[in-house]
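Engineer: Here the sequence shown stands for residues -23 to -1, 1 to 296, numbered as in mature numbering (1 follows the signal peptide of the UniProt record, and there is no 0). The beta carbon of each residue, even a glycine, is placed where N, CA and C say it ideally should be.
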Amino acid sequence: MRTLKRTLPIFLLLLLVAGPVHAELVSKIAAIVNDDIITTHQLDLKLAEYFATEARGRKIPPQQIAALREKLLDRMIDQVLVKQQIKTLGLTVSDAEIDQAIADVQRKNKLTREQLGKALEVQGMSYDAYREKLRAQLLQYKLIGRQVQSKIDVTDTDIRLYFRTHIDDYREPPFVKLANLLFPLPQHADDAQIAEVRQRAAQALARLRAGEDFSALLKELESSGQAQGGEMGRFKEGELSGAIREALVGLKTGDYSSPVQTLAGFLIFKVVDRTPGHIRNFDQVKAEIKQTLVDEDRERQFKKWTTTLKKDSYIDVRI
């Protein structure tokens, strides 16, 4: 078994050698991984990529940079080992497989080819670079399948236990279906006008609570220009504004809220229907949970495999 060797880390990112006419970038060896090397220049590029993507503008204290570089170098060593194993096993990914993966991405995200291209541009990635990134991911999936898939074991007991311990993740949110009556306020309404519109809303509410038909009253008020409204659709209660949620507290299906004053006018809400939050049926989520557990177990098994691979490889870290 070959051993892993580490020398003392240094904080120097780039070494510039000044000459009489120009400066020249010198790239040193950051690590040797079997027959491959990782240079300090490659590590610096990975660090820049981290700041541009994962850090996303978040400032990292200078004293943490050395630890971050060590973490990124360790990740790069893993990637080199994976590439070496892919080469050893002769694994390949065809253009057709990449095309299928891209089609799956477009279908799942409901994107056209043009929309996908624009989304990649926003992320600063070309279409060709995206294809190569997918190729690397597919190759790694194939390697995982070859090395650890047979060790993954998810039982029905595991699935049921996960369901019980994560029950709130499978609770549907409550929904409320609403209709409304809006009594508009004139622009720059004074106190007297506001009081008048409030009174009209209160009178309409009294008629509704006395049993008058909502649709018939809406039609009457619309024809006279006093109000407007109708069905609003279904909402998760968390989607509603605080004032509306407060107005709906305690209301059952068929109930009406007290008038709610807004910038547009006074609103009366009718609760057309309520759907309480309920737990999704186990049989409906069983396949979803199994995939979650398979993914988690695959990740654990792959980490164990890479740890063993490191122990059996020659790795010389020189920074």
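Roughly how many whole angstroms lie between the Cα atoms of Lys267 and Ile136?
Structural biologist: Taking the straight line joining both Cα atoms gives about 6 Å.
Engineer: Assuming contact is defined by CB atoms lying nearer than 7 Å, are residue 353 and Phe279 in contact in what I supplied?
Structural biologist: With the chain covering only -23 through 296, there is no way to say anything about residue 353.
Engineer: Rounding to the nearest angstrom, what Cα-Cα distance links Thr230 and Ala224 in this structure?
Structural biologist: Spanning the two alpha carbons is a distance of roughly 14 Å.
Engineer: Thr252: which of Gln56, Arg148, Phe28 sits nearest, CA to CA?
Structural biologist: Minimum Cα distance to Thr252 is reached at Arg148.
Engineer: Label Tyr233 either buried or exposed according to how many other C-beta atoms from any shown protein chain fall within 10 Å of its C-beta, with 16 as the threshold for buried.
Structural biologist: Classification for Tyr233: buried.
Engineer: Please work out which residues of its chain come closer than 8 Å, Cβ to Cβ, to Asn157, disregarding the five sequence neighbours upstream and downstream, and give them in chain order.
Structural biologist: Answer for Asn157: Gly206, Gly207, Met209, Leu244, Ile245, Phe246, Lys247, listed in chain order.
Engineer: Is Asp12 helix, strand or coil by DSSP?
Structural biologist: It is coil, neither helix nor strand.
Engineer: To the nearest angstrom, how far is it from the Cα of Glu265 to the Cα of Gly219?
Structural biologist: Roughly 34 Å between the two C-alpha positions.
Engineer: I'd like the ranges of any alpha helix (DSSP H) spanning at least 4 consecutive residues and lying wholly in the stretch 115 to 176.
Structural biologist: Entirely contained in the stretch 115 to 176, the alpha helix (DSSP H) runs reaching 4 residues are, in chain order, 133 to 142.
Engineer: Could you work out which residue in Pro39, Ser200, Ile144 is closest to Gly254 when comparing CA atoms only?
Structural biologist: Nearest of Pro39, Ser200, Ile144 to Gly254, Cα basis: Ile144.
Engineer: Assuming Gly242 is part of the beta strand (DSSP E), what are its boundary residues?
Structural biologist: Segment 242 to 252, the beta strand (DSSP E) holding Gly242.
Engineer: Since Val10 contacts Val59 with CB under 8 Å, what's their CB separation in whole angstroms?
Structural biologist: Between Val59 and Val10 the Cβ distance is about 11 Å, and since that is not below 8 Å, they are no contact.
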